[in-house]
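Trainee: First the structure, which I've put down as structure tokens, then a few questions once you've had a look.
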Amino acid sequence: MQRLLMVTGRWVLLALVVAVAGWSADLLFAAPNASDPFAAPLDVQRQEAALLPAFHADLDAAAQWDRYTVSARVDPERRTIAGSLRLEYTNRAADPLDRVYFYLFPNLPEFGGRLDIRGATVNDVTVRVRYESNRFLLRLDLPTSLPSGASADVVLDFSAAAPLDASQRYYAAFNRERGVLALASALPMVARRVDGAWQLATPLFRGDLVTSETALYDVTLTVPVAWTAVTTGTAIDSQTDGASRTTRFISGPQRDFTIVLTRFPSISTEVEGTRITSYFRPEHAEGGRVALDAAANALRAFNRRFGPYPLTELDIVQIDARKFLGVEYPGLIMIDRRLYAGEREGLEIIVAHEVAHQWWYSMVGNDVQNEAWLDEGLTSFSQIVYQEEIRGAMAAERELDGFRSVYLRARQAGRDAPLKRPVSALRGNYTAIAYSKGALFFQALRIRIGEPAFDRFLHDYYATFRYRIASSDDVRATAENACACDLTDFYRDWVLTAAPVAVP
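Under the numbering used here, think of the first position of the sequence shown as 44, with each following residue one higher.
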């Protein structure tokens with residue numbers, strides 16, 4: 044997931060290279076005893092610990108979400124995680140299922156790592172492990188057909204290994220470097236089904252990677268006591284046994300569960316019930332404070348402009364990224380180390396961008412490979428909102444002017460494109476279209492329907508599609524409902540075609 048972010052009218056572009064070699068490591072160490080976490084189905088009520096009290100009722104929708112229980116041991120020296128994962132999976136389609144697929148993201152070449160499935164059962168029946176698509180997909184043939192509405196327990200024994208000091212070659216969110224072991228997308232994830240069809244395409248690294256349904260996670264991790272586990276969700280229990288600490292984490296409704304181990308110091312603050320924690324290298328204490336303040340300001344601003352963030356925690360971790368500036372995961376943001384020693388405003392706006400992704404990607408989902416503009420465009424527009432709220436109209440205008448410049452250069456070079464276009468069709472103009480034109484669309488919509496209606500649109504879109512997958516058509520329908528007007532021509536010119544739109 045590269046990030047190409049505007050910094051006060053200037054764009055910083057760090058190219059993402061494609062890796063050509065895999066990496067493996069010795070995984071011969073014991074996983075922790077998983078008997079206790081696996082003793083019973085996931086307890087939905089326990090998930091309240093990750094949600095603010097006003098959002099406990101969101102768990103009334105839990106029947107719509109799959110449930111993961113994980114028990115694993117992380118070894119930072121070997122750069123490995125190994126354990127067991129149980130998925131309580133329900134067939135929500137009309138037709139029966141004869142197989143289930145999982146995504147194994149660390150097996151993508153760009154990760155430079157490996158994720159192995161050591162064994163699998165379905166309802167306590169051993170099934171064969173089959174890999175497809177160069178090991179990106181795990182296929183499990185079910186011992187018996189799973190009828191519509193029926194559920195199955197899938198248990199996987201897994202082990203994964205990350206590369207070392209590989210931020211210049213591979214995806215740095217899955218890497219150990221300078222006191223951080225980042226394990227983004229290390230856990231097997233059940234594949235999506237849309238209209239009865241499995242979504243099995245291998246994602247392109249030109250854009251974000253993970254399109255996933257909301258799920259519930261109950262994750263128990265054993266790590267060395269010298270390291271701190273920073274994860275999606277919140278810790279509800281922790282016990283120390285000699286040199287190891289075992290902690291249980293509850294996610295709340297989330298699209299993914301991300302794990303980072305660090306030995307960095309941290310500082311925290313609380314904003315409207317959400318605890319924000321910033322982890323940073325000791326020599327970058329000032330940058331760590333800037334990141335914390337920016338996240339707090341962004342959370343406060345976006346709570347007001349979009350609707351409240353429902354979760355009790357949000358973490359920011361400094362990592363060595365090299366090929367991106369920041370990347371978001373549910374409840375956890377990773378920011379490149381170099382920004383902490385640079386200009387305050389550069390770090391500030393990138394943190395704000397990634398905080399906005401907690402609304403647009405994490406809470407409100409979208410297909411990041413086929414409609415990348417939905418989250419990237421609205422998140423980039425959120426930079427303008429942040430500037431309006433924190434620095435005022437002139438700063439917001441500078442932010443907007445940067446988006447204008449990038450998009451207009453692409454248009455003048457003949458590289459304009461509809462917003463609704465897959466990343467596979469955006470060659471040399473991904474940033475200009477998904478980020479810049481996307482942000483300009485929302486500014487133009489704001490002007491077209493007026494401030495009161497646009498405010499209703501933002502709140503309605505968030506409230507309606509929280510925990511769901513939204514589409515371009517959903518944006519149009521929500522906006523038309525908010526303004527009680529017809530946006531056919533506006534939507535056609537901006538989203539469906541490359542008409543020469545008036546740039547706001």
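Cβ coordinates follow ideal geometry from the N, Cα and C atoms, glycine included.
Under a three-way DSSP split, which group does V398 fall into?
Mentor: Start at 1 with the first residue of the sequence shown, and residue 398 comes out as number 355. It is helical.
Trainee: Thinking C-beta only, is I359 closer than 8 Å to R322?
Mentor: By 1-based counting over the sequence shown, the position of residue 322 is 279. By 1-based counting over the sequence shown, the position of residue 359 is 316. Strictly speaking, residue 322 in this sequence is Tyr, with Arg absent from that position. For Y322 and I359, yes; Cβs fall inside 8 Å.
Trainee: How about E414 and S515: do their beta carbons lie closer than 8 Å?
Mentor: Along the sequence shown, read from residue 1 onward, the residue named residue 414 stands at position 371. Along the sequence shown, read from residue 1 onward, the residue named residue 515 stands at position 472. Against a cut-off of 8 Å, the Cβ pair of S515 and E414 comes out as a contact.
Trainee: DSSP three-state call for A73: helix, strand or coil?
Mentor: Here the question's residue 73 lines up with position 30 in the sequence shown. Confidence at A73 is low in this model, with a pLDDT of 37, below 50, so the placement of that residue is unreliable and no value is reported for it.
Trainee: Going by DSSP, what residue range makes up the beta strand (DSSP E) through E131?
Mentor: Against the sequence shown, residue 131 aligns to sequence position 88. Taken as a continuous stretch (DSSP letters only), the beta strand (DSSP E) holding E131 covers 123 to 133.
Trainee: Using the Cα positions of G304 and H502, report the straight-line distance between them to the nearest angstrom.
Mentor: The sequence position of residue 304 within the sequence shown is 261, counting from 1. The sequence position of residue 502 within the sequence shown is 459, counting from 1. Gly is not the amino acid found at residue 304; the sequence shown has Leu there. Near 35 Å, if we compare the C-alpha coordinates of H502 and L304.
Trainee: Exposed or buried, which one is G408 when buried takes at least 16 other CB atoms within 10 Å?
Mentor: Locating residue 408 in the sequence shown gives position 365, where the first residue counts as 1. Burial call: buried.
Trainee: Per DSSP, what kind of secondary structure is A204 in: helix, strand or coil?
Mentor: Position 161 of the sequence shown holds residue 204. Here A204 sits in strand by DSSP.
Trainee: Considering only residues of the same chain and omitting the five flanking positions on each side of W416, which have a CB-CB separation below 6 Å?
Mentor: Residue numbering aside, residue 416 sits at position 373 when the sequence shown is read from its first letter. Around W416: L462, A477, G481.
Trainee: At 3 residues or longer, and completely inside the segment 185 to 237: list those beta strand (DSSP E) runs for me, N to C.
Mentor: Whole beta strand (DSSP E) segments, 3+ residues: 194 to 204, 217 to 220, 223 to 226.
Trainee: Evaluate E7 with the Cβ neighbour count: other Cβ atoms within 10 Å of its Cβ, from every protein chain shown; 16 or more gives buried, anything less gives exposed.
Mentor: Absent from the model: residue 7. The displayed extent of the chain is 44 to 547, so no value can be given.
Trainee: Decide if S311 is buried, meaning its Cβ has at least 16 other Cβ atoms within 10 Å, or exposed.
Mentor: For this step, residue 311 is matched to residue 268 along the sequence shown. Label assigned to S311: exposed.
Trainee: State buried or exposed for T444, treating a residue as buried only when at least 16 other CB atoms are found within 10 Å of its CB.
Mentor: Translated into the one-based positions of the sequence shown, residue 444 becomes position 401. It should be noted that the sequence gives Asp, not Thr, for residue 444. By the 10 Å Cβ count, D444 comes out exposed.
Trainee: Could you please give me the residues that DSSP links to T283 through a beta bridge?
Mentor: Position 240 of the sequence shown, counted from the first residue, corresponds to residue 283. Looking at the DSSP assignment, T283 forms a beta bridge with R288.
Trainee: Would the segment 154 to 170 and the segment 269 to 280 be scored as touching if the rule is three or more Cβ pairs under 8 Å?
Mentor: Cβ pair count under 8 Å is below three, so no.
Trainee: Please state whether the Cβ-Cβ distance between S127 and V198 is less than 8 Å.
Mentor: To locate residue 127, count along the sequence shown from 1; it is residue 84. To locate residue 198, count along the sequence shown from 1; it is residue 155. Going by C-beta atoms, S127 is nearer than 8 Å to V198.
Trainee: Taking Cβ to Cβ, would you say V253 is nearer than 8 Å to Y132?
Mentor: Along the sequence shown, one-based indexing puts residue 253 at 210. Along the sequence shown, one-based indexing puts residue 132 at 89. The answer is no: Cβ separation not under 8 Å.
Trainee: Assuming the contact rule is C-beta atoms closer than 8 Å, V394 and A337 should be a hit. Round their C-beta distance to whole Å, please.
Mentor: Working through the sequence shown from its first residue, we reach residue 394 at position 351. Working through the sequence shown from its first residue, we reach residue 337 at position 294. That pair is a contact at about 4 Å.
Trainee: Please classify S188: is it buried, with 16 or more other beta-carbons within 10 angstroms of its beta-carbon, or exposed?
Mentor: One-based indexing of the sequence shown puts residue 188 at position 145. Exposed, by the Cβ-count rule.
Trainee: Quick one: Cα of V87 to Cα of F292, how far?
Mentor: For the purposes of this step, residue 87 is taken as the residue at position 44 of the sequence shown. For the purposes of this step, residue 292 is taken as the residue at position 249 of the sequence shown. Cα to Cα, the separation comes out at about 13 Å.
Trainee: Inspect the beta-carbon positions of G369 and M377 and report whether they are closer than 8 Å.
Mentor: Counted from its first residue, the sequence shown places residue 369 at position 326. Counted from its first residue, the sequence shown places residue 377 at position 334. Cβ atoms of G369 and M377: closer than 8 Å.
Trainee: Only counting the same chain, and skipping five residues up and downstream in sequence, which positions put a Cβ closer than 7 Å to that of S309?
Mentor: Locating residue 309 in the sequence shown gives position 266, counting from the first residue. Answer for S309: T320, S321, Y322, listed in chain order.
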